[in-house]
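One structure below.
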Amino acid sequence: MRELGKVKSNNRFTLFSVGPVEMDPEIRRIGGESLPYFRTAEFSNMNLEIASILKQIVYAKEDSQVIFLTASGSGAMEAAVINTFGEGDKLLVVVGGAFGKRFADICRVHGIEHAVIELKQGQVLRESDLKPYIGRGFTGLLVNAHETSTGVLYDLPMIGQFCKQEGLLFVVDAISSFLADPYYMEEWNIDITILSTQKALGLPPGLSILVVKKQTVERIYAMCVQSFYFNLGAYFDDMRRGQTPFTPAVGILLQLRSRLEQIRQQGVSKIIERTASLAGDFRKRMAGLPFIVPSERLSNALTPLQPAENVSAYNICLHLKENYNIIVCPNGGELRDSLFRVGHMGHLTVDDNTRLINAFSEMRAGGLI
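Quick note on the numbering used here: the sequence shown kicks off at 1 and runs consecutively.
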């Protein structure tokens with residue numbers, strides 16, 4: 001029998017990735033503890049407390065509902081779409097990269113009528129891009145707060161105002177922007193917020209979260225959803241008592257409780273400021289390196305870097321991994337060799353930035369970039 005190859009742990013790598021990210025030592029310690037049985041009053045109360053804090057830090061109304069999905073962020077994106085929209089709906093989907101395209105693909109797979117607002121790499125969405133769709137019978141708009149494949153941060157207040165004027169349900173994938181950039185669910189007229197644990201929350205992947213406005217919860221209850229696992233009505237019912245219809249990611253929920261306590265003690269604004277400071281430090285110090293930052297408006301979550309035409313972005317990622325024990329994020333598809341991403345989320349420091357900048361400087365001196 002052929003021996004299986006070993007997957008290396010993160011004991012020797014520094015993660016400048018965009019998920020998973022470097023985790024706080026206390027959070028890692030909790031991940032090594034024995035798991036409790038979860039169908040108990042104590043676990044239910046913990047989940048209800050987590051839900052209450054999450055509503056506070058996304059600035060949602062208290063009567064909004066929070067549910068936990070043992071799924072990747074893409075699973076939560078699909079669940080949000082198929083439970084909220086169906087026959088008779090007509091959606092606008094903002095596609096500025098791979099994750100906007102994922103929303104469009106979900107609509108296509110489930111036969112939901114939609115139109116795509118396609119943006120060029122690094123381009124922001126402007127009011128002029130929305131004007132052609134005024135009064136055209138659309139019922140919802142899907143967008144990533146931050147297009148993770150290109151680094152673009154969209155103007156959510158502007159989009160939310162458009163949705164309010166047009167009477168559209170506004171669904172936002174905030175997975176890679178939450179806690180890296182400001183986010184105000186109620187103020188920006190957002191109906192559904194999609195979150196996941198492996199980005200700025202700094203937890204392992206495997207748990208996703210939906211925060212849903214009260215009126216949208218009622219709409220979801222009225223839908224006939226063609227899904228067993230992703231029927232959100234069952235999640236709303238069970239969450240009244242702090243439970244989930246299926247086995248949750250027990251260990252990650254325990255880590256989430258601890259992480260939310262950290263956030264509550266430090267304050268959301270301080271968490272965002274720290275990420276912004278790390279991003280600003282990196283961007284200032286890499287200004288003399290032979291990279292272009294091809295984005296009109298950047299999230300604090302990451303910096304997209306475009307090397308010279310004769311240099312492969314993917315090979316840069318491999319070289320950093322193999323020679324410096326540093327992980328940055330490559331892209332797939334048509335961006336594979338033209339763009340890579342440096343993340344600023346998680347338990348990173350200015351000293352980590354220094355290591356990466358020094359690595360780039362050595363690569364430049366060696367003619368590799």
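Beta carbons are placed, not taken as given, at the ideal position from N, Cα and C, and that holds for glycine.
{"Asked": "Test item: CB-CB of A76 and L210 under 8 Å", "Found": "yes"}
{"Asked": "Check whether D129 and I112 have beta carbons under 8 Å apart", "Found": "no"}
{"Asked": "Burial state of L305, where buried means 16 or more other Cβ atoms lie within 10 Å", "Found": "buried"}
{"Asked": "Straight-line Cα distance separating L335 from L298", "Found": "18 Å"}
{"Asked": "Distance, L260 Cα to T197 Cα", "Found": "11 Å"}
{"Asked": "Distance CB(L232)-CB(L201) smaller than 8 Å", "Found": "no"}
{"Asked": "Straight-line gap, G88 to I192 (C-alpha atoms, nearest Å)", "Found": "19 Å"}
{"Asked": "Rounded straight-line distance, which links the Cα of L125 to that of V265", "Found": "Here the sequence assigns Gln to residue 265, which means Val is not the residue at that position. If you take the alpha carbons of Q265 and L125, they lie about 35 Å apart."}
{"Asked": "Complete alpha helix (DSSP H) runs within the segment 59-121 (minimum length 4 residues, chain order)", "Found": "73-84, 98-109"}
{"Asked": "Contact set for M1: own chain, Cβ-Cβ below 6 Å, skip 5 residues either direction", "Found": "Bear in mind that a pLDDT of 35 at M1, under 50, signals an unreliable position, so the number given afterwards is only what the model happens to contain. So the list is empty, once near-sequence residues are dropped."}
{"Asked": "Spatial neighbours of S312 in its chain, beta-carbon cut-off 7 Å, leaving aside the 5 residues before and after", "Found": "D337"}
{"Asked": "Chain-order list of residues whose beta-carbon lies under 7 Å from that of C107 (same chain, five-residue window excluded)", "Found": "V81, L91, V93, H114"}
{"Asked": "Secondary structure of D155, DSSP reduced to three states", "Found": "coil"}
{"Asked": "Secondary structure of T354, DSSP reduced to three states", "Found": "helix"}
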